[in-house]
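Novice: Quick one: the structure is below, and I'll ask about it shortly.
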Amino acid sequence: MVKNNRSFKIQKLLKQNETYLFLVIITYSIFITSLNSSFLSLENLFDLGKSSAGMGIMAIGVFIVLLSGGIDISFTAIAISGQYIAANVLIASGVDNIFFAFLISCLVGVALGAINGLLISYFKIPTLITTLGTASVFHGALLTIVGTKAINSAQLPDCFKAFGAKNLLILTKPNGINYGLSIFIIIFILLALLTWLILKYTMLGRGIYAIGGDIDSAERSGFNIAKIQFFIYCYVGFLAGIAGVLHISLIRYSNPTYIVGTELSVIAAVVLGGTRITGGSGTIIGTIMGVAMVTILNNSLILVGLSSYWQNFFVGLIIIISVSITSYQSKRSIGNIVFRR
Amino acid sequence: MVEKLEKLLAVKDISKSYVGVQALDRVSLSINRGEIHCLVGENGSGKSTLIKIISGVVKPDEGEIIINGKRFQSLHAIDSISEGIQVIYQDLSLFPNLSIAENISLNQMIERKKRFISWKEIKNIAEREFSNISKELDLDEKVENISIANKQLVAICRALTQDAQLIIMDEPTTAITKREIDCLFSVILDLKKRGISTLFVSHKLSEVLQISNKVTVIRDGKLVGVYNTEGLDHNTLSFYMSGKKIVDSVLDYREKEGQKEPLLEVKNLSKKGNFQDINFKVCSGEIVGITGILGSGRTEIALSLFGLNRPDSGEIYIDGKLAKIKSPQDAIELGLSYLPEDRLNQGLFIKQSIGNNIVVTILQRLLNRFKLFDNSKKYEAAKEWIEELNVITPSLETAAQALSGGNQQRVVIAKWLATDPKVFILNGPTVGIDVASKSNIHNIIKGLANKGMGVIIISDEIPEIIWNCNRIIVIREGRIVKKLNTNEVTEDKLLDILARKSN
Chain A
32 MVKNNRSFKI QKLLKQNETY LFLVIITYSI FITSLNSSFL SLENLFDLGK SSAGMGIMAI
92 GVFIVLLSGG IDISFTAIAI SGQYIAANVL IASGVDNIFF AFLISCLVGV ALGAINGLLI
152 SYFKIPTLIT TLGTASVFHG ALLTIVGTKA INSAQLPDCF KAFGAKNLLI LTKPNGINYG
212 LSIFIIIFIL LALLTWLILK YTMLGRGIYA IGGDIDSAER SGFNIAKIQF FIYCYVGFLA
272 GIAGVLHISL IRYSNPTYIV GTELSVIAAV VLGGTRITGG SGTIIGTIMG VAMVTILNNS
332 LILVGLSSYW QNFFVGLIII ISVSITSYQS KRSIGNIVFR R
Chain B
5 MVEKLEKLLA VKDISKSYVG VQALDRVSLS INRGEIHCLV GENGSGKSTL IKIISGVVKP
65 DEGEIIINGK RFQSLHAIDS ISEGIQVIYQ DLSLFPNLSI AENISLNQMI ERKKRFISWK
125 EIKNIAEREF SNISKELDLD EKVENISIAN KQLVAICRAL TQDAQLIIMD EPTTAITKRE
185 IDCLFSVILD LKKRGISTLF VSHKLSEVLQ ISNKVTVIRD GKLVGVYNTE GLDHNTLSFY
245 MSGKKIVDSV LDYREKEGQK EPLLEVKNLS KKGNFQDINF KVCSGEIVGI TGILGSGRTE
305 IALSLFGLNR PDSGEIYIDG KLAKIKSPQD AIELGLSYLP EDRLNQGLFI KQSIGNNIVV
365 TILQRLLNRF KLFDNSKKYE AAKEWIEELN VITPSLETAA QALSGGNQQR VVIAKWLATD
425 PKVFILNGPT VGIDVASKSN IHNIIKGLAN KGMGVIIISD EIPEIIWNCN RIIVIREGRI
485 VKKLNTNEVT EDKLLDILAR KSN
């Protein structure tokens, strides 16, 4: 049908945000490696993957919400609620089982997500306002009802520690020290895959794209908007619940004031990955790359010897630059449309 | 096809009233299979209500609906769709972020209650429908990247995937070019061959006369009549529609004694890819028409005059003085005003009140001595213009989007007149406005010229140009190809000049 299929494909590739982000990540990684050769080692990459998996999972949730034209800033409050409640229940009940921890954390996540979903789909409250409110309500409720005491490593059920140390592929360095591919990374990849499948191959997923594109058209086409929105926020809650368990297993410590406050950098990573903040457009690959970029940036600053406080500065800078480029490009193409008329 | 009923749709004696307003009063409409039927009426005549009743979105108070021989006591949207009635609304209801293929196929998938998506099937459905319309478009392209005309084709294809028997198009030609309209019409004729009927809702009479077999005219919620298109002409139809005889009169313009300096003079204005060597003058009291097909550069010239499209070279003189126009602010200060073609997006703050819309250009003047905004001054100013231009509105606080097209346009005109311009550039001043309001707007424009304003009308509607302008400038491919005095041309001659290919 199209003659120059190949050059056409390349052209299309060049139009995509992901391509540029990928090139930036590669260039930047090479640059950092030239300063500190340990950066591009398999060990460091595995380590980065493990420590960013939790953020990545939350980013998948944020990605879906942005795709549908909404925004969620309560997911960090949900994640810490799931984590802290699960840890407390495990300690109180004496059941030392990681699956039980996941079950509780996810149940809490889905329940809180359902509250968001209900407010948004049934009462039609704007998503920003809803989640701004619920973030505060969820976190406040956690601190007052469940408690404020941190759970230290000694009190922490062993299953978390074991889970945090679980590697699937174990490699040995020349000096005899073992390192490996954490199960965290596998969980992240599986969830990314699941989300991709939902978005690409189910009517529900296409509905998410559709309401992000034009919610009125979606309604006229016969999509059940309320149902789709309800699903979205429950799913975000579910993902936050998983991220909560990964977080506690990673740092072997739980403080109910952790995680909350990182929501903006997660949203930033997703936007950096090319997801349109106005909805309807974005890819899971882009989201993963956005998370990778933010993680690499954070990690490399330490490797280069800069304080991690610079992280905020650089992440902010990169977002402003990348969004400026995108908006400049779309402005130009809009200009073209005007003059074509 | 014998066993199929000739009559596809019949609605009889439909009445509908909204709180206190009789939207429809015993209106009937019947459409045969394969018929192209036009529903015409001015804004507010009840066209949209009738469409909504046929599509099952609104329930009539009285009357009966018969589709495919079946009588419906109460018609639901889903019944209407399953009987093959598809409405293509003005906004087309497409998903800009999805591909053409998905836009075409998705509704059918929803209707079939699919839970999972087969991309192969999506592509197959889209290819099957699109091949009938025979347009070379990449089905993977996102809808946001294609033209409005192509979006319309996508919407039509989508309707066809749901076994449409009758496609209702609500004002489909408002936003597309002449050539695209022709293309749309050939698609409609094609549908007719396949036995699919079209209900074409419009108030552009020339199009109605061109495409339809039958015309149903409604006015003020009442049926005026059903006519065969053969035997109808523009004037008769316009009379049926408005109930008034509209008399166009040529503007009588005489050059004022002793007036040498033009208000606006454009010398050798060029912008690469837009226009080349544009020279013209506009004097006080004169109405100059700039016409040309879409994409000829007519809008770009206007944008350049108003500081929105920087020219590469050339000069603009206002009152004989060289003017540097870098932004709309400069242009306004120099006494220029520009009424854009796209009233809804560029002309108005559609959700804001009429009062706010009118005073937006003169906010500086409405400050009190503490440099704070004075609401009573605003009220005075807005009220004055509403009365001056006869805008029909319940109050100054009414949102602009609640008004009819004609009244909206009067608000836009008011907003610019408030700045007291020397030269008023109107781009498509009556696009999407009904006949009666149109002539009212034309009268307003003529009145302005009579008071000494210089006016430029940019339009591709030949009658609008001929009946309102003293002089006509024809643009083709960015160049002025002809300058004429209106008394030298006829509609046919001007059409001819416009349509001619460059040789």
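Heads up: the sequence lines are chains A and B, in that order.
Heads up, the first sequence is in my numbering, so the first residue is 32 and it goes up one at a time.
Heads up, the second sequence is in my numbering, so the first residue is 5 and it goes up one at a time.
Every residue, glycine too, gets a C-beta built ideally from N, C-alpha and C.
Just so it is clear, the structure is predicted and the values come from calculations on it, not from any experiment.
For a test of the three-state rule: what should DSSP assign to B/His41, helix, strand or coil?
Specialist: Three-state DSSP puts B/His41 in a strand.
Novice: Which parts of the stretch 66 to 107 of chain B are runs of the beta strand (DSSP E), unbroken and 3 residues or longer, counting only runs that do not cross its ends?
Specialist: 66 to 71, 74 to 76 and 89 to 92, all fully within the stretch 66 to 107 of chain B.
Novice: Below 9 Å between beta carbons is the criterion; list the residues of the stretch 218 to 237 of chain A that meet it against any residue of chain B, in chain order.
Specialist: Flagged, chain order: Lys231, Tyr232, Thr233, Met234, Leu235, Gly236 and Arg237.
Novice: Among all the DSSP beta bridges, which residues are the ones paired with B/Gly458?
Specialist: Partner(s): B/Val427.
Novice: Using a Cβ-Cβ cut-off of less than 8 Å, list which residues of the stretch 243 to 254 of chain A approach chain B; keep chain order.
Specialist: Listed by position, the residues of the stretch 243 to 254 of chain A near chain B (Cβ gap below 8 Å) are Gly243, Gly244, Asp245, Asp247, Ser248, Ala249, Arg251, Ser252, Gly253 and Phe254.
Novice: Which term fits B/His446, buried or exposed, when burial requires 16 or more other beta carbons within 10 angstroms of its beta carbon?
Specialist: Buried.
Novice: Please work out which residues of its chain come closer than 7 Å, Cβ to Cβ, to B/Gln350, disregarding the five sequence neighbours upstream and downstream, and give them in chain order.
Specialist: The residues are Pro344.
Novice: Taking the alpha carbon of B/Ile358 as the point to measure from, which residue in B/Leu98, B/Glu39, B/Gln412 and B/Leu430 has its own alpha carbon closest?
Specialist: Nearest of B/Leu98, B/Glu39, B/Gln412 and B/Leu430 to B/Ile358, Cα basis: B/Gln412.
Novice: How would you write the range of the beta strand (DSSP E) that B/Gln280 sits in, first residue to last?
Specialist: Phe279 to Val286 is the span of the beta strand (DSSP E), which, as asked, contains B/Gln280.
Novice: So B/Ile172 and B/Ile200 are supposed to be a Cβ contact under 8 Å. How far apart are they, rounded?
Specialist: About 12 Å; that fails the 8 Å criterion.
Novice: Touch check for the stretch 469 to 478 of chain B and the stretch 276 to 292 of chain B: three-plus C-beta pairs under 8 Å?
Specialist: With the cut-off at 8 Å, the stretch 469 to 478 of chain B and the stretch 276 to 292 of chain B touch.
Novice: Assign A/Asn48 to one of two classes, buried (16 or more other C-beta atoms within 10 Å of its C-beta) or exposed (fewer than that).
Specialist: By the neighbour-count rule (16 or more Cβ atoms within 10 Å), A/Asn48 is buried.
Novice: Measure the alpha-carbon distance for A/Val120 versus A/Ile290 and round it to whole angstroms.
Specialist: Roughly 19 Å separates the two Cα atoms.
Novice: What does the Cβ neighbour count give for A/Tyr153, buried or exposed, with the cut at 16 atoms within 10 Å?
Specialist: Classification of A/Tyr153: exposed, given that the 10 Å Cβ count is below 16.
Novice: Which whole-angstrom value is the C-beta distance of A/Gly87 and A/Val301, which I expect to be below 8 Å?
Specialist: That belief does not hold up - the Cβ atoms of A/Gly87 and A/Val301 are roughly 10 Å apart, past 8 Å.
Novice: Can you pull the chain B residues whose beta carbon is under 8 Å from the beta carbon of A/Ala117, in chain order?
Specialist: Those do not exist, as A/Ala117 stays about 32 Å from chain B at its closest Cβ, beyond 8 Å.
Novice: So the candidates are B/Gly225, B/Ile137 and B/Val221; which of them puts its Cα closest to the Cα of B/Ile192?
Specialist: If we check each option's Cα against that of B/Ile192, B/Ile137 comes out closest.
Novice: Work out the CA separation of B/Leu227 and B/Thr220 for me, nearest whole Å.
Specialist: Whole-angstrom Cα-Cα distance: 8 Å.
Novice: Return the first residue and the last residue of the alpha helix (DSSP H) that B/Ser49 is part of.
Specialist: Per DSSP, B/Ser49 belongs to no alpha helix (DSSP H) and is neither H nor E.
Novice: Do A/Ile63 and A/Leu334 have their C-beta atoms within less than 8 Å of each other?
Specialist: Against a cut-off of 8 Å, the Cβ pair of A/Leu334 and A/Ile63 comes out as a contact.
Novice: According to DSSP, is B/Asp10 part of a helix, a strand, or is it coil?
Specialist: A small fix is needed here, since residue 10 of chain B is Glu in this sequence, not Asp. Here B/Glu10 sits in coil by DSSP.
Novice: Note down the Cα distance separating B/Ile469 from B/Ile396, rounded to an integer number of angstroms.
Specialist: Straight-line Cα distance between these residues: approximately 26 Å.
Novice: How many angstroms separate the CA atom of A/Ile352 from the CA atom of B/Lys387?
Specialist: Spanning the two alpha carbons is a distance of roughly 47 Å.
Novice: What is the DSSP secondary structure of B/Gly318, reduced to helix, strand or coil?
Specialist: It is a strand residue.
Novice: Just curious, the alpha helix (DSSP H) that B/Gly311 is in, first and last residue?
Specialist: B/Gly311 -> no alpha helix (DSSP H), and no H or E assigned at all.
Novice: What do you get for B/Trp123, buried or exposed, if any count of 16 or more other CB atoms within 10 angstroms of its CB means buried?
Specialist: Exposed, because fewer than 16 other Cβ atoms sit within 10 Å of the Cβ of B/Trp123.
Novice: Is A/Tyr240 close to chain B? Criterion is C-beta to C-beta, closer than 8 Å.
Specialist: So yes, A/Tyr240 belongs to the interface.
Novice: Under 8 Å, with one C-beta from each stretch per pair, do the stretch 45 to 64 of chain B and the stretch 209 to 223 of chain B reach the 3-pair mark?
Specialist: Verdict: yes, contact present.
Novice: Ends of the beta strand (DSSP E) at B/Tyr342?
Specialist: Here the beta strand (DSSP E) through B/Tyr342 covers Leu340 to Leu343.
Novice: In three-state terms, what does DSSP make of B/Asn272?
Specialist: Correct three-state label for B/Asn272: strand.
Novice: Could you tell me which of B/Asn360, B/Ala406 and B/Arg373 sits nearest to B/Gln385, measuring between CA atoms?
Specialist: It is worth fixing the name first, because residue 385 of chain B is Ala in this sequence and not Gln. Closest by alpha carbon: B/Asn360.
Novice: Please list, in chain order, the chain A residues whose beta carbon lies closer than 9 Å to that of B/Asn136.
Specialist: In chain order: nothing, as chain A lies at least about 16 Å away.
Novice: Does DSSP put A/Arg371 in a helix, a strand or coil?
Specialist: Because the pLDDT of A/Arg371 is 36, which lies under 50, any placement of that residue in the model is unreliable, and the number read from its coordinates should be weighed accordingly. Here A/Arg371 sits in helix by DSSP.
Novice: Is there a C-beta anywhere in chain A that falls below 8 Å from the one on B/Asn111?
Specialist: Interface residue, yes.
Novice: If you draw a straight line from the C-alpha of B/Ile71 to the C-alpha of B/Lys382, how long is it?
Specialist: Whole-angstrom Cα-Cα distance: 53 Å.
Novice: Is A/Leu199 buried or exposed, if buried means 16 or more other CB atoms sit within 10 Å of its CB?
Specialist: Exposed: under 16 other Cβ atoms inside 10 Å.
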